[in-house]
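What follows is one structure encoded as C-alpha cells, with my remarks underneath.
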Amino acid sequence: MNRSHLRVLIGLVTWPKKVVFCAFLTSVMTAILGILVPWVTKNTIDSFTSHFDVTKVFLLVGLFLVNVILSGISHYMLAYLGEYTIYRLREKMWAHVLRLPIDYFDNNGTGQTVSRLTDDVSTLNNFVSQKVPEFISQALLVVGSIIFLFVLDWKLTLALFLMVPILTVIIAPIGRRLYKVAGETQNEMATFVGRLSSVLAEMRLVKSYSGEKKEYSRVMESGEALFRLNLTAAKLQSIFSPLISGTIMLMVLVLLGYGGLRMADGTLTAGTFVAIIFYIIQAIVPISSVASFFTEYKATSGATKRLYEIYTLSEEDLDEVDECTKVMDGQLHFHHVSFSYNKKSEVLRDISFTAHPNQITAIVGPSGAGKTTLFHLIERMYTTHSGMISCDQFQIDQIPLTNWRKMIGYVMQDSAIINETIRENILYGVDDADEESMIYYARLANAHDFISSLPEGYDTVVGERGIKLSGGQKQRIAIARAFIMNPKVLLLDEATANLDSESERLVQTAMYNLMENRTTLVIAHRLSTIRNADQIIFLDEGKVTGIGKHNELMNKHRKYAEFVEGQNLKMASVGCG
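Under this note's numbering, the first residue of the sequence shown is numbered 1, with each subsequent residue one higher.
Okay, here's the thing in C-alpha cells:
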C-alpha cells in the first residue's frame, strides 16, 4: 500500500483528542499490567518454597482483574476511534462524490462508484476499526514480554526468536502474492456490483426481452472470476496460517524441553519457568495476529488506492453567494461556442445566438444534432472548449455554480423522479417552500387533482424511478418542481414525447403556465410549438444553419423545410415540446 494514500484519507478526519489520549493511555496501562502479571506470578510461586504469603496472592488476583477491565476499555476505545474514522471518511467521500462533475459519472458506471463507497470503505473499515486496534495493543504486549524474557533468560529467548527472521523470509513472497490477489478481487467485486446494479435498474427491459439467461451468464461470469480469486487467496492463507502455527508449536516445544532440563539441574526456579511460559505465550500468540495485520494491510491497499483516486478528482465549486443572481434578467448569449465530449470530434461547432427573456426559443434539428448537449452546456454540466456563454453581462462560468443552477428550471423528456414521496420530489432542491406554495404550484402544473386523489396524497411514495406514476403524472410533478424554484431560464427537453393525448394536453397547458415571464428554450418536436416560438434555432450536424421564425425558415432554409416535412411533425392545439 502506498502509505501516503492511507495518510491522506485518514487525514481527512478530525479526531476527538480526548478519546485518542484515553485510548492510548489505557492501551499502555493494559500492556504494562500484562507484563507485570507474569513477574508477580514468578515471585508468588517462588515465595511458596519459604512461606505462604497471602498478600502476594491478592496482589496477583487484583492485577489480573484490573488488567481484564482495562483491556476491555482499551479495546472499546480503540474500536470506537476506528469506527469514528471510517464514519467520517465515508461522510467526506460521499460529500466529495456529490461534488464531482458530471463527466465522472459519464465515464464510471454506477456500480463501480457504489462498490467504492461500500465494499472498499468496508475493507478499510475492517482494517482501521479492528486490525489496527488489535495490532497496537498486542504489539505493546509483545515488545514488553520480549524485554522481560531477555531479563529472565537471554540465552533461551535468543534461541527462540532466531526462528522469526527465518519465518519472515518464507512468508514474504506469500504476502506479496496476497497483495496482488486482494487488488484483483476488489476490482472484480466492483465489476460484479456494477453488473448487478445495471441489471436490477433495467429489470423491466430484461423481462420484456426475455434477457434472463443472458444477464445470468453475464453476471455469473464475474461471479466465477470472484470465486477463482477467492480460492487463490484461500490457498495462500492455507500455506500462511500453518507456517505461523507450526512455528509457534516448535517454539513452545523448545521452551518446554529446555526449561525442563534447567529445572532438573536446579539452575531454573519453578517461578521463573512459569513466568517464562507466560511471557512466551504473550509474545508468541499475538505474533499470528501481528502477521495477519500485515496481510490485511496488503489486502487493504487496493481499496485505499481506489478511494484515493476518487478523492483526488477535481470537484465542482458549489459555494453559493447571496443575492448574486437576483438582479439578472436571464438573457442568454452564445458566442462562437464549440464543444466535444472526447476532445476529438466536435458535437457543437461555432454556435452563436441569443435567447431573450419573455420569449420562446425553439431548438430544432435532426437526432444527434447537439440539441441536448446545448442544454447541458447551459446547465454547466460540461465546459465549452472554445467560445463563451453569457447571461446578461456576465459570463456564466464566472457566476457561482449553485447560484447559476438555481436560476434554471429543466424539464426533461423522462423526468428524474426519486423513490420518495411526491412532496419530497416537488420540493427537491428547495429548502424554504411551505405547504401552501407547494399546493399552489402543483395546481399550476395540473398535478394537484391527481395527487389529491391518491390515498396518501402528497405523502405517496412513488417507487423506483416513479414506477407507480404514469408518464404524464411524472412530467407534471417535474413541472411543479420547476415552478417552485421560480427559475429565470427554463429548459424544456422533448417534455411531451410519448404521452397519451390527455396527458399531453395537461402537460402542455402546465408548461405554457410555466413559460410565462421567463427565458425559455425548448427542444421542439411539435409543429405548433415551432409556429408559436418567437425564434427558431435550426441545428444540423452541430452547427446553427438557420435562425428565424417558422414561415421565414420554411421559405428561405431548404434543410429546415425538408426536416419539417420529412419528420411529419405533429400538430397540437396547444404545444410546447
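Even for Gly, the Cβ is constructed at its ideal location relative to N, Cα and C. Please read all numbers here as calculations on a predicted model, not as lab measurements.
If you measure between the beta carbons of residue i and residue j, is that distance less than 9 Å?
i: Q473; j: A447; result: yes
i: I389; j: L377; result: yes
i: Y279; j: L140; result: no
i: I537; j: I477; result: no
i: I451; j: I422; result: yes
i: T354; j: Q331; result: yes
i: Q475; j: S415; result: yes
i: L236; j: T185; result: no
i: S137; j: T30; result: yes
i: R99; j: L253; result: no
i: I418; j: L539; result: no
i: K559; j: G548; result: no
i: V462; j: E420; result: yes
Could you please give me the residues that DSSP links to residue i through a beta bridge?
i: S386; result: S338
i: S536; result: First, the residue type needs correcting, since residue 536 is Ile and not Ser in the sequence shown. Bridge partners of I536: A362, G548.
i: T421; result: V461
i: K543; result: D540
i: Q395; result: S390
i: L332; result: A355, C391
Provide the residue span of the alpha helix (DSSP H) that contains residue i, from first to last.
i: Y87; result: 54-98
i: V461; result: V461 -> no alpha helix (DSSP H), and no H or E assigned at all.
i: L521; result: Run containing L521: none in the alpha helix (DSSP H); it sits in the beta strand (DSSP E), 519-523.
i: Y410; result: Note, Y410: premise wrong, no alpha helix (DSSP H); beta strand (DSSP E) at 408-411.
i: W154; result: 132-161
i: W39; result: 17-47
i: Y216; result: 212-264
i: S452; result: 448-453
i: D106; result: 102-107
i: T110; result: 110-115
i: A416; result: Counting along the chain, A416 falls outside any alpha helix (DSSP H), and DSSP gives it neither H nor E.
i: M438; result: 435-444
i: V121; result: 121-126
i: L377; result: 371-379
i: K343; result: No alpha helix (DSSP H) contains K343, which DSSP labels as neither H nor E.
i: G472; result: 471-485
Let me know if residue i comes out buried or exposed under the rule of 16 or more other beta-carbons within 10 Å of its beta-carbon.
i: E565; result: exposed
i: S4; result: exposed
i: N67; result: buried
i: P455; result: exposed
i: G82; result: buried
i: D449; result: exposed
i: K371; result: buried
i: I35; result: buried
i: E368; result: In the sequence under discussion, the amino acid at residue 368 is Gly, which differs from the Glu named in the question. Its Cβ having fewer than 16 others within 10 Å, G368 is exposed.
i: M1; result: With a pLDDT of 49 at M1, under the threshold of 50, the modelled position of that residue is not reliable, and no figure is offered here.
i: S573; result: Confidence in S573 is poor, its pLDDT being 38 and thus under 50, which makes the residue's placement unreliable; the coordinate value appears in the next sentence. Exposed, because fewer than 16 other Cβ atoms sit within 10 Å of the Cβ of S573.
i: E296; result: buried
i: G550; result: As written in the sequence, residue 550 is His, which differs from the Gly given in the question. Buried, because 16 or more other Cβ atoms sit within 10 Å of the Cβ of H550.
i: E188; result: buried
i: E464; result: exposed
i: V54; result: exposed
i: I69; result: exposed
i: D153; result: buried
i: R481; result: buried
i: W404; result: buried
i: K155; result: exposed
Looking at the secondary structure, which residues open and close the beta strand (DSSP E) in which residue i lies?
i: L492; result: 489-493
i: L348; result: 348-355
Closest Cβ-Cβ distance between residue i and chain D: below 9 Å?
i: H525; result: The structure shown contains no chain D, having only a single protein chain.
Q. Just checking, does the segment 41-49 make contact with the segment 2-18 on the three C-beta pairs under 8 Å criterion?
A. Flag = no, the segment 41-49 and the segment 2-18 do not touch.
Q: Report yes or no: do the segment 395-409 and the segment 345-356 share at least 3 C-beta pairs separated by less than 8 Å?
A: Contact fails: fewer than three Cβ-Cβ distances are below 8 Å.
Q. Given 8 Å as the limit, is there contact between the segment 123-143 and the segment 298-315, that is, 3 or more CB pairs closer than that?
A. The answer is yes - the segment 298-315 touches the segment 123-143, with three or more Cβ pairs under 8 Å.
Q) Is the segment 175-183 close to the segment 105-120, with three or more CB pairs under 8 Å? A) The answer is no - the segment 105-120 does not touch the segment 175-183, with fewer than three Cβ pairs under 8 Å.
Q: Kindly confirm or deny that the segment 58-66 and the segment 93-105 touch, where touching means at least three C-beta pairs closer than 8 Å.
A: No contact exists between the segment 58-66 and the segment 93-105.
Q. Quick one: any contact between the segment 507-524 and the segment 483-491, if contact means 3 or more CB pairs under 8 Å?
A. Yes: the two stretches touch, three or more of their Cβ pairs being nearer than 8 Å.
Q) Does the pairing of the segment 212-232 with the segment 247-259 give three or more beta-carbon distances under 8 Å? A) Between the segment 212-232 and the segment 247-259, the count of C-beta pairs closer than 8 Å stays below three; the two stretches do not touch.
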